[in-house]
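Only one structure is covered here, and it is reproduced in the block below.
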Amino acid sequence: MNPESASNPDLKEDFLLDARAKAQIQNDSILAVYEAGEIEERIFYAIERIDAESLESLLLKGFSISTEALRNTARIVAAGLLYLRQAKVPCLPLQPADILIQIDGTVRLQNLALGGLHPATDEAADLSLFGSCLLKLLPPEAPADLRSFLERTALEHPLKLSGWKEFSAGLAPESPVPARPAPEAKTPWKARPKDRSKARLAAAALSAALLIGGTLAGVLHFMAPEPFTPKQTLVPKDLYPQGSGRRVSLEAFSIDSTEVTNRQYFKFIDWVRTHPREAARFDHPEQPPHHSHIPPAWLEMFPEKSRPEKDKENPLWDLPVSQVTWWDACAFAAWTGRVLPTEEQWEAAGRGPRGLLFPWGDEPEPERANVRRPEYLLKPGETNGPKAAGASNDASVFGAKGLSGNVSEWTATRRDGKVVVKGGHFNAPLLTLDAASIIPPDSRTINLGFRTASPPTPGTP
């Protein structure tokens, strides 16, 4: 929770109530919440993090999973939701994005617990939605009785089931199904890997599944997910020079190594399109009504059916996202469980404890950053414009790239209703890292993007 939200006593209390409720959940099916705390006026809670693909992602990609893997997924999710219901814990409605499947077949459920007083979750609606999702993931060879059960469960009033316990029992096959022997020369994925590196990944995942006692009947038909957020770099606790002469004490934090890209932002707006009601909970409380998180030129660059996984060679996907407002940046950050960096954090990530003027030192070297260059220095056919995130040789002492050029960046810091923007961009000369501008939060320009920050992993010095 950012400082603006944390300053609202009601929002802060709701957030902490939710954190306490989630921390009380002790179930192997559900992601654990470890602790809550406050860093630099930001309230947060730390939740277990796993490398997994959501059920929603599998559905969007058109994948299927084996019958036994599907039964296993359904039973684990049902067990987790039954636990919450029996414990009389208020919960968010179930969504496909809440169900996470790791490449070894392990299934986990997002922590849906809510604090305070809330009406009971509509169990019939959750059953219907879950049954509908599973039906779409069934492989062609699935048993007819299982398909029929899921078809009836997916109805608006599913089967008049008494609840998750009866649902789980209905998944069992009528007679034991023997494990199928592993075929000699087939992968368990529906689509074969297109290059050797992916083939090696698929083979390694398959070997791991077999080593832990699985069979091909229980291995999922998908590849490991692509990350939708940038990798982060740690900025340790220290005194950092800021502006002209002052020093500030900052707690340790992590910041994205590069700007957020179009590829990563696509994941967010794609989710917003399919979850319009749930999306509002990630919006900044002061965001104007009816605000759209889709940049103006987005559909021109990426037609409606264009997707990163299908259009991988399009270089536009790897450019920093731009023409985004501060409201957009805040919502994306909240959706990923992160925040925007403050002005002080952003500057510390670039200048380091020595207070360098540029990420690489105190001498201006404009060729190292993507900033405006005179026409006589441009190569034939080259123009001043954005480059792929991380492409410039301008890494700071902590490994953060793009702070001195490419696109300027929103921060979390506000002054008199406006927002502090840091960093140079491709259409301006090289600036020192202490430079800043202040603009309205609804501004959209082609040279303005953002990156996110987060507290360090628990246990990090």
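First residue of the sequence shown? That's -2 in my numbering, and the numbers climb one at a time after it.
Cβ atoms here follow ideal geometry from the backbone N, Cα and C, with glycine treated the same way.
Since this is a predicted model, take the numbers as computed values, not measurements.
Would you decide whether residue i is buried or exposed? Buried here means 16 or more other CB atoms lie within 10 Å of its CB.
i             : result
threonine 150 : buried
aspartate 253 : buried
proline 305   : buried
leucine 134   : buried
serine 204    : Annotation note: pLDDT 35 at serine 204 (below 50); position unreliable, no value reported.
glutamine 459 : Lying outside -2 to 458, the shown extent of the chain, residue 459 is not represented and no answer is given.
lysine 234    : exposed
leucine 55    : buried
serine 289    : exposed
glutamine 92  : buried
glutamate 372 : exposed
isoleucine 27 : buried
tyrosine 31   : exposed
serine 246    : exposed
glutamate 340 : buried
alanine 5     : First, the residue type needs correcting, since residue 5 is asparagine and not alanine in the sequence shown. Per the 10 Å Cβ criterion, exposed.
threonine 449 : buried
aspartate 25  : exposed
Quick one: Cα of residue i to Cα of residue j, how far?
i                 : j                 : result
glycine 102       : proline 285       : 42 Å
proline 87        : alanine 20        : 13 Å
asparagine 367    : aspartate 413     : 31 Å
aspartate 95      : tryptophan 323    : 27 Å
glycine 446       : tryptophan 161    : 44 Å
proline 312       : histidine 272     : 28 Å
glycine 347       : glutamate 138     : 55 Å
glycine 399       : glycine 387       : 6 Å
arginine 260      : alanine 392       : 21 Å
glycine 352       : alanine 433       : 16 Å
serine 51         : alanine 76        : 18 Å
phenylalanine 423 : serine 251        : 25 Å
alanine 84        : alanine 18        : 11 Å
valine 257        : proline 317       : 6 Å
alanine 409       : phenylalanine 299 : 28 Å
leucine 67        : serine 401        : 48 Å
histidine 218     : isoleucine 62     : Bear in mind that a pLDDT of 30 at histidine 218, under 50, signals an unreliable position, so the number given afterwards is only what the model happens to contain. Histidine 218 and isoleucine 62: Cα-Cα distance of roughly 5 Å.
glutamate 344     : glutamate 53      : 37 Å
aspartate 280     : alanine 326       : 10 Å
aspartate 48      : leucine 375       : 42 Å
serine 389        : arginine 365      : 6 Å
lysine 264        : leucine 57        : 11 Å
glutamate 181     : proline 136       : With a pLDDT of only 33 at glutamate 181, under the threshold of 50, the placement of this residue in the model should not be trusted; the figure read from the coordinates follows. Cα to Cα, glutamate 181 sits roughly 20 Å from proline 136.
proline 383       : phenylalanine 127 : 42 Å
lysine 9          : glycine 112       : 12 Å
aspartate 119     : proline 90        : 7 Å
glutamate 171     : leucine 124       : Only weak support exists for where glutamate 171 lies, its pLDDT of 39 falling under 50; the value from the coordinates is given anyway. Each residue's alpha carbon lies about 21 Å from the other.
asparagine 381    : isoleucine 443    : 12 Å
leucine 236       : arginine 278      : 35 Å
glycine 334       : arginine 144      : 36 Å
glutamine 107     : proline 363       : 46 Å
Say whether chain B places a C-beta atom closer than 8 Å to the C-beta of residue i.
i           : result
proline 312 : Checking the listed chains, one finds no chain B in this structure; it contains a single protein chain.
Let me check one thing: in DSSP terms, what residues is residue i bridge-paired to?
i             : result
proline 317   : Thr258
leucine 445   : Ser405
threonine 230 : Ile252
isoleucine 96 : Leu106
serine 165    : Answer by DSSP bridge pairing: none, since serine 165 is not bridged.
leucine 247   : Asp235
valine 269    : DSSP lists no partner for valine 269.
valine 394    : Answer is none; valine 394 lacks a bridge partner.
How far does the alpha helix (DSSP H) with residue i in it reach, from first residue to last?
i              : result
glutamate 341  : 340 to 348
tyrosine 80    : 64 to 83
tryptophan 332 : 323 to 332
proline 273    : 273 to 276
serine 129     : 120 to 134
leucine 147    : 141 to 150
leucine 57     : 52 to 58
leucine 296    : 295 to 298
Within the continuous beta strand (DSSP E) that includes residue i, where are the two ends?
i                 : result
lysine 419        : 415 to 419
proline 6         : Taken as a continuous stretch (DSSP letters only), proline 6 belongs to no beta strand (DSSP E), being part of the alpha helix (DSSP H) at 6 to 20.
phenylalanine 236 : Note that residue 236 is leucine in the sequence shown here, rather than phenylalanine. Element bounds for leucine 236: 235 to 239.
alanine 433       : 433 to 436
Thinking C-alpha only, which one of the options is nearest residue i?
i              : options                        : result
alanine 71     : Lys9, Ile47, Ala29, Glu163     : Glu163
aspartate 11   : Ala110, Asn69, Ile47           : Ala110
isoleucine 291 : Arg278, Phe279, Ser319, Ala122 : Ser319
serine 405     : Thr255, Ala141, Val74          : Thr255
proline 438    : Pro426, Asp431, Val417         : Val417
glycine 396    : Gly421, Leu14, Lys228          : Lys228
leucine 428    : Ser129, Glu360, Glu340, Tyr42  : Glu360
alanine 16     : Asp25, Ala43, Arg39, Asp7      : Ala43
proline 238    : Pro350, Arg46, Leu79, Leu81    : Pro350
proline 452    : Arg411, Arg369, Pro363, Gln342 : Gln342
alanine 166    : Asn403, Arg82, Ile73           : Ile73
arginine 370   : Leu143, Arg335, Gly240, Ala425 : Ala425
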